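Numbering (our numbering), first residue to last: 244 to 314.
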């Protein structure tokens, strides 16, 4: 039988937040790509990391982000 009154400690709650290194992640932003770009991205061994780095680089180049986030 399920526990109707579970105790959720601060340590337990901290484990529930998705993280990137030591930083908590924001909400997902979903994008669709042209089929040829999609195929390339899906073939990458770590496409999430690639896309995060590409977005961060573009934001820095456009002056929208001062420095890369600490990882």
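Where is the CB? At the ideal position from N, CA and C, for every residue including glycine.
A quick note: this is a predicted structure, and the numbers were derived from the prediction, not measured.
- When the five nearest sequence neighbours on each side are left out, the beta carbons in the same chain lying within less than 8 Å of the beta carbon of residue 261 are those of 267, 268, in order along the chain.
- Within the same chain, 284 come within 8 Å of residue 290 by CB-CB distance, once the 5 residues on both sides are set aside.
- Per DSSP, the continuous alpha helix (DSSP H) segment holding residue 291 begins and ends at 290–304.
- In this model, residue 305 and residue 277 are separated by some 23 Å (Cα to Cα).
- Residue 287 places its beta carbon less than 9 Å from that of residue 293.
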